[in-house]
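These notes concern the structure reproduced below.
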Amino acid sequence: MPGRDAPRAARSTVRRPLFARFYERLSVNADAHAGVRENRTELLTGLTGHVVEIGAGNGLNFARYPAGVTRVTAVEPEPRLRASALAAASDDAVRPRVEVVDATAEALPVADGACDAAVFSLVMCSLPDVPRALAEALRVLRPGGELRFFEHERAADRPGMARLQRAVDATVWPLFFGGCHTSRDPVGAIGAAGFTDVSFRRLMIPPGGPAAPSSFHVLGGARRP
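Position 42, counted from 1, in the sequence shown is what the UniProt record's numbering calls 42; the numbers after and before it change by one each time, with no gaps.
Next comes the structure, spelled out in structure tokens:
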């Protein structure tokens with residue numbers, strides 16, 4: 001029922017230290033040189049109130065939350081990335097409103113209807129149970145609350161690339177890239193979870209560069225009914 005206490009978060013079992021080290025460098029480089037910084041800003045523009053960020057990584061979103069956001073519950077289960085997120089949250093401009101917690105997307109430590117918005121940022125590709133994670137986001141959002149997402153997606157309009165995405169997802173890609181799957185359909189999953197008013201745009205990262213399985217992205221939003 002809405003308003004019940006937050007469930008007790010299970011301690012994470014997500015430990016990917018080699019990938020975490022690689023991702024810390026990759027994400028900072030992508031922010032600086034592949035246009036990702038601007039996408040993060042667009043992702044968060046206009047948000048207000050209490051936000052839960054699912055898969056906060058190394059905290060690159062924290063400084064970009066607009067002034068109307070009063071509280072961020074940032075969920076990150078991977079220990080090295082969580083330590084980096086905690087360091088990012090200690091910045092004087094960020095610290096008063098960001099709390100980094102050890103929990104998973106499938107068991108958010110937030111009470112029913114407690115959040116004004118939920119943010120998924122480059123995380124659905126690696127979640128073991130996307131429908132359950134979206135059900136949790138739906139649970140913690142108030143009626144009319146916003147879902148924002150910036151994610152990898154399958155290359156639906158390029159059959160050859162879509163086949164390559166499926167092939168690498170079934171073999172080496174998740175092994176080398178922290179469980180990432182390039183061929184998922186986040187927009188379809190969001191609609192299937194019960195969100196409404198789904199809007200989005202597709203983009204390539206890097207823009208104008210050669211296409212790789214991980215180049216296809218979608219940026220958008222939806223609402224809890």
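Ideal Cβ positions, reconstructed from N, Cα and C, are used throughout, including at glycine.
As the structure is a prediction and not an experimental result, all values here were calculated from the model.
Check: With distances taken from CA atoms, which of Arg224, Ser199 and Ala105 is nearest Glu77?
Finding: Before going on, a small fix: residue 77 reads as Pro here, not Glu. Checking every option, the nearest Cα to that of Pro77 belongs to Ala105.
Checklist line | One or two residues paired with Cys115 in a DSSP bridge | finding: DSSP, once it has assigned bridges, lists Leu141 as partnering Cys115.
Note to self: Within the continuous alpha helix (DSSP H) that includes Leu26, where are the two ends?
What the structure shows: Where Leu26 is concerned, the enclosing alpha helix (DSSP H) stretches over Pro17 to His33.
Notebook entry, point to check: How far does the alpha helix (DSSP H) with Asp197 in it reach, from first residue to last?
Noted result: Here Asp197 belongs to no alpha helix (DSSP H); instead the beta strand (DSSP E) covers Thr196 to Met204.
Notebook entry, point to check: Counting Cβ pairs closer than 8 Å, one from the region 188-198 and one from the region 215-225, do we hit at least three?
Noted result: yes
Next item on the list: Report the residue ranges of all alpha helix (DSSP H) runs contained in full by the UniProt domain "Methyltransferase type 11" (52-148); include only those spanning at least 4 residues, in chain order.
Entry: 79-89 and 130-140
Checklist line | Reduced DSSP category for Gly221 - H, G, I as helix; E, B as strand; rest coil | finding: strand
Check: Going by other Cβ atoms of all chains shown within 10 Å of its Cβ, with 16 needed for buried, is Arg4 buried or exposed?
Finding: Only weak support exists for where Arg4 lies, its pLDDT of 46 falling under 50; the value from the coordinates is given anyway. The residue in question, Arg4, is exposed, as its Cβ has fewer than 16 Cβ neighbours within 10 Å.
Note to self: Buried or exposed for Leu18, going by 16 or more other Cβ atoms inside 10 Å?
What the structure shows: By the neighbour-count rule (16 or more Cβ atoms within 10 Å), Leu18 is not buried but exposed.
Note to self: Using only the alpha-carbon positions, how far apart do Arg25 and Ala32 sit?
What the structure shows: 11 Å
Next item on the list: Would you decide whether Arg95 is buried or exposed? Buried here means 16 or more other CB atoms lie within 10 Å of its CB.
Entry: So Arg95 counts as exposed.
Notebook entry, point to check: Using the C-alpha atoms, what's the distance from Val101 back to Thr48?
Noted result: 20 Å
Check: Are the region 121-140 and the region 62-72 in contact at 8 Å, needing three or more beta carbon pairs?
Finding: no
Item checked: Whole-angstrom distance between Ala89 and Met1, CA atom to CA atom -> Below a pLDDT of 50, predicted positions are generally treated as unreliable, and Met1, at 33, falls in that range; the measurement from the model is reported next regardless. Using only the alpha carbons, I get a separation of about 32 Å.
Check: Any idea if Phe176 is buried or exposed, counting beta-carbon neighbours within 10 angstroms, 16 or more meaning buried?
Finding: exposed
Next item on the list: May I ask you to report which of helix, strand or coil DSSP gives Pro186?
Entry: helix
Next item on the list: Would you kindly check if the distance between the Cβ of Cys115 and the Cβ of Arg97 is under 8 Å?
Entry: Judged by beta-carbon spacing, Cys115 lies beyond the 8 Å limit of Arg97, meaning their Cβ atoms are not closer than that value.
Margin query: Beta-carbon within less than 8 Å of Val123's beta-carbon, same chain only, minus the 5 sequence neighbours each way: which residues are those?
Written below: Ile54, Gly55, Gly57, Ala105 and Glu151
Notebook entry, point to check: Can you tell which of Ala137, Glu99 and Leu127 has the C-alpha that lies nearest to the C-alpha of Ala117?
Noted result: Ala137
Next item on the list: Let me know the secondary structure DSSP gives Pro213 once reduced to three states.
Entry: coil
Item checked: Ser84 versus Ala170: straight-line alpha-carbon distance, rounded -> 30 Å
Next item on the list: Name the one or two DSSP bridge partners that Gly49 has.
Entry: Beta-bridge pairing links Gly49 to Val69.
Next item on the list: For the alpha helix (DSSP H) containing Thr41, list its first residue and its last residue.
Entry: Val36 to Leu44
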